[in-house]
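Input: a single structure, listed below in structure tokens.
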Amino acid sequence: MKIFISPDSFKGSLSAKQVADLIEKGFRKVFTEADYLKVPVSDGGEGILQILINATNGKKYSEFVTDPLG
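Position in the sequence shown (from 1) plus 21 gives the number in my numbering.
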């Protein structure tokens, strides 16, 4: 059996990845032999940056700027 888990975050408490991990943990108690595919998602709000970084194996950089032109 294959189980696809694709949750959004719980605003202010759990990231989409944390929710996916917890759902998988619960399912594994019942469906121990299943294959799991976790794909956290976002509606474009909270958590979208981390989901994009994870999906592209990207990196997050921080830079101090003084205005929109740098």
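Quick reminder that beta carbons are idealized off the backbone N, C-alpha and C, glycines included.
Which term fits residue i, buried or exposed, when burial requires 16 or more other beta carbons within 10 angstroms of its beta carbon?
i, result
"SER83", "exposed"
"ILE72", "buried"
Does DSSP put residue i in a helix, in a strand, or in coil?
i, result
"LYS59", "strand"
Just how far apart, CA to CA, sit residue i and residue j?
i, j, result
"PHE31", "LYS38", "10 angstroms"
"ASP29", "PHE85", "30 angstroms"
"ASN78", "LYS59", "16 angstroms"
"PHE52", "THR87", "53 angstroms"
"ILE69", "LYS23", "26 angstroms"
"TYR57", "LYS46", "10 angstroms"
Between which two residues does the alpha helix (DSSP H) holding residue i run?
i, result
"LYS38", "37 to 51"
Among the options, which has the Cα closest to the Cα of residue i?
i, options, result
"VAL62", "ALA41, LEU90, PHE52, PHE85", "ALA41"
Tell me where the beta strand (DSSP E) around residue i begins and ends.
i, result
"LYS23", "23 to 26"
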